[in-house]
Amino acid sequence: MYVATTCMVQSDKYIWYIDTGASFHMTPHRQWFCEYEQYDGGDVMLGDDTAVQITGRGRVKLRMKDDTIKTLPNVMHIPSMSKNLLSVGTMADSGVNFSCDKDSCKMTRGSIVIA
């Protein structure tokens, strides 16, 4: 069983919330996957102690604010989720660094800003 938490309360289908407690990237939106495979990944325990089922996994294309497209690998499809979560741990494992201030967060890989 995995654990995911988030402190954001705003709900918007296109927002991806940066989550330090998420075990992996998650979205409820099946139509966003450019590559997809059904996957019985078990359950994810949310911050409110509800368990939700992973039904698939794959790659999702994200349009950035500057209209560039980035591909996010290893995203879990969880239809009963209400938000899209970016896992800080998963990103860090792939070499992405985060820096945040009161207004924004920046993701970099080496000296290259990726978001």
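In terms of the working numbering, the numbers along the sequence shown are unbroken and rise by one, the last being 122.
Ideal placement from N, C-alpha and C gives every residue a C-beta, glycine not left out.
- Between the stretch 103-111 and the stretch 33-43 there are fewer than three inter-stretch CB-CB distances shorter than 8 Å, so the stretches are not counted as touching.
- In this structure, Val103 lies away from Ile85, with their beta-carbon atoms at least 8 Å apart.
- With a minimum length of 4 residues, the unbroken runs of alpha helix (DSSP H) contained wholly in the stretch 77-109 fall at 95-100.
- Exposure of Val120 is indicated by the presence of fewer than 16 other C-beta atoms within 10 angstroms of its C-beta.
- At least 8 Å separates the beta-carbon of Asn91 from that of Thr27.
- Along the stretch 30-86, the beta strand (DSSP E) occurs as fully enclosed runs of 3 or more residues at 32-34, 40-45, 50-53, 58-60, 63-70, 76-84, listed in sequence order.
- Listed in chain order, the non-local C-beta contacts of Lys113 below 8 Å within the same chain comprise Phe105, Ser106, Cys107, Val120, Ala122, local neighbours out to five positions each way being set aside.
- Within its own chain, the residues whose Cβ lies closer than 8 Å to the Cβ of Val95, once the five positions on either side in sequence are excluded, are Ile25, Asp26, Thr27, Ala29, Phe105, listed in chain order.
- Where Thr115 is concerned, the enclosing beta strand (DSSP E) starts and stops at 112-116.
- For Tyr21, the three-state secondary structure derived from DSSP is coil.
- Taking a C-beta distance under 8 Å as the contact criterion, Leu93 and His36 do not qualify as a contact pair.
- Spatial neighbours of Thr115 in its own chain (CB-CB distance under 6 Å, excluding positions within 5 residues in sequence) are listed in chain order as Asn104.
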